[in-house]
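Peer 1: Submitted below is the structure of interest, expressed as structure tokens.
2 protein chains.
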Amino acid sequence: MSRYGHYGGLPAPSSLMERPYAPMPPETLTPARILETTEDVLRRYGPAKATVVDVARALGVSHGSVYRHFGSKAALREAVTQRWLDQSHTALSAFADAEGPAEPRLREWLAGLFAAKRHKAGDDPELFATYMVLVGENSAVVDRHIETMIEQLARIVEGGVRDGEFIAVDPAPTARAIWDATNRFHDPAYAAEWFRPGIDAAFEAVCDLVLRGLRRA
Amino acid sequence: MSRYGHYGGLPAPSSLMERPYAPMPPETLTPARILETTEDVLRRYGPAKATVVDVARALGVSHGSVYRHFGSKAALREAVTQRWLDQSHTALSAFADAEGPAEPRLREWLAGLFAAKRHKAGDDPELFATYMVLVGENSAVVDRHIETMIEQLARIVEGGVRDGEFIAVDPAPTARAIWDATNRFHDPAYAAEWFRPGIDAAFEAVCDLVLRGLRRA
DNA sequence: GGACTGACAGATATTGAAATCTGTCAGTCC
DNA sequence: GGACTGACAGATTTCAATATCTGTCAGTCC
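Shown next, in the form of structure tokens:
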């Protein structure tokens, strides 16, 4: 039943400090392992049914042990949300920090974000729905994530302004305006629309409008 | 208890056809009167509790009589939604059909839409929440409403292109792009953000970006 | 005869008792 | 002595019985 449970007759590890950077044996309870198992439980049971007791059971420990690492169920779910959002950052920062002209970089960043979100939503709709719930529960984490995304945008805009490719705008508020204007193509609440015919044309149209507003004539 | 109920000893009207365009006496059951009462019941009990029986009770008739005019509860709610959305059209079409340069008209149309929505949300949050639920139930009605709004936008854009004020764009898809880009400022799902500090600056920034993308350099 | 009623079947919502879960902590076990 | 357990109180969820609602229609009443 459990993917990690019943570590049955195995002896508990005695000295873990011999090789400080070696991977922890699966018998050691760490935040990372709890997080992984929580994702697993969430995936299986869904956000409504997944309980701390389920996570503990899957790990083969008592739920009291889980509370030793995460102060509350909310904190545990928040950490899972954080983890998931962090993945999104990394992939896109490549575009933000690349060399070359700003316009295609901005286009690719926006298209990359849209494509990534759409894949997440399409490849495993159930898991996506689960994360939609978590995201709804953790607006503070999400707000921070959004700020990071807008900072990436601002870096691209700043580059474009510096190179004279874009008109002289204030990068930070402009980045926010770009984020807001493309809202429909990254807010998961609109995921259902991302699979309608004509969505790519609509995305292109908004991108064109935004980029025309930025380009030095 | 009921605002309309107990029309007690009054005799039923005998001949209604004498003056065809006279206002119906309140004792006559008409779709319009049912709609009004339904709005009232919705306002009082909220979308979850308001029932067809409640509406009938408020009208002082049996619920069977309500079903004579509206085939189902869903149809009744849909009609209420339609009615509400129709009000939004009318106010803004003034901007869409006005004379003068397109840029300020477009700006005022967008600002007018945002202001109207924000007032609806702020003046009576409970009623707004009620209509949010109705709107969620009636996506077909909402989709039609959105098409009408985009048509109004397209008329402004077309005027701007004709007068050489805007660059030569295809009005219909451009209007849709403008609608999409300003999404955050008209989709009621974001109502909570409309009262955060800085929202007006964010709105202006998106408007500026969009209008710069339209203006002939 | 056409507007309206009210009883009805099936669907949906409410309720309260029982089960489960969250979060704590004194105590156990290396 | 620090990681872990398991019993516990209070909060939350589940489940099944009960009540209410939706939609229909034969029948009533001007």
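Keeping their order, the protein sequence lines are chains A and B.
Every letter in the first sequence is one number past the one before it in our numbering, and letter 196, counting from 1, is 1032.
Every letter in the second sequence is one number past the one before it in our numbering, and letter 43, counting from 1, is 879.
We put the CB at the ideal spot given by N, CA and C, even for glycine.
(1) So which residues on chain A does G1049 of chain B lean against when the C-beta distance must stay under 7 angstroms?
(2) In terms of residues, what are the limits of the alpha helix (DSSP H) holding K885 of chain B?
(3) Whole-angstrom Cβ separation of A952 of chain B and S929 of chain B, contact assumed at under 8 angstroms?
(4) Mark D890 of chain A as exposed unless 16 or more other C-beta atoms lie within 10 angstroms of its C-beta, in which case mark it buried.
(5) What do you reckon, is the C-beta of E939 of chain B under 7 angstroms from a heavy atom of the ligand COA?
(6) Taking A947 of chain A as the reference, which of A:I1035, A:R1051, A:D999, A:K909 has the closest Cα?
(7) Could you spell out the range, first to last residue, of the alpha helix (DSSP H) harbouring T864 of chain B?
(8) When you compare the region 951 to 968 of chain A with the region 902 to 912 of chain A, are there three or more beta-carbon pairs, one atom per stretch, that lie closer than 8 angstroms?
(9) Between the alpha carbons of T887 of chain A and M968 of chain A, how many angstroms are there, rounded?
(10) Which chain B residues are close to A1038 of chain A, counting only those with a beta carbon under 9 angstroms from its beta carbon?
(11) In this structure, what does DSSP give as the bridge partners for R1051 of chain B?
(12) Assign D1016 of chain A to buried or exposed, taking buried as 16 or more other Cβ atoms, counted over all protein chains shown, within 10 Å of its Cβ.
(13) Could you tell me whether the Cβ atoms of L963 of chain A and R880 of chain A are closer together than 8 angstroms?
(14) Hey, would you say P937 of chain A sits closer than 8 angstroms to E1040 of chain A, going by beta carbons?
(15) What does the Cβ neighbour count give for S850 of chain A, buried or exposed, with the cut at 16 atoms within 10 Å?
(16) Taking the C-alpha atoms as reference points, what is the distance between I1003 of chain B and P1009 of chain B?
(17) Looking at the structure shown, is P1033 of chain A part of a helix, part of a strand, or coil, going by DSSP?
Peer 2: In this structure, then:
(1) L1045, V1046, R1048, G1049
(2) It is not in any alpha helix (DSSP H) - K885 of chain B carries neither H nor E in the DSSP assignment.
(3) With a beta-carbon spacing of about 12 angstroms, A952 of chain B and S929 of chain B fall beyond the 8 angstroms limit used to define contacts.
(4) buried
(5) As presented, the structure is devoid of all ligands, the ligand COA included, so that no description of it is given.
(6) A:I1035
(7) No alpha helix (DSSP H) contains T864 of chain B, which DSSP labels as neither H nor E.
(8) no
(9) 17 angstroms
(10) P1009, R1012, A1013, D1016
(11) B:F1002
(12) buried
(13) no
(14) Result no, Cβ atoms of P937 of chain A and E1040 of chain A do not sit closer than 8 angstroms.
(15) Low confidence applies here, because S850 of chain A scores a pLDDT of 30, under 50, leaving its location unreliable; read the following figure in that light. Under this definition S850 of chain A is an exposed residue.
(16) 14 angstroms
(17) coil
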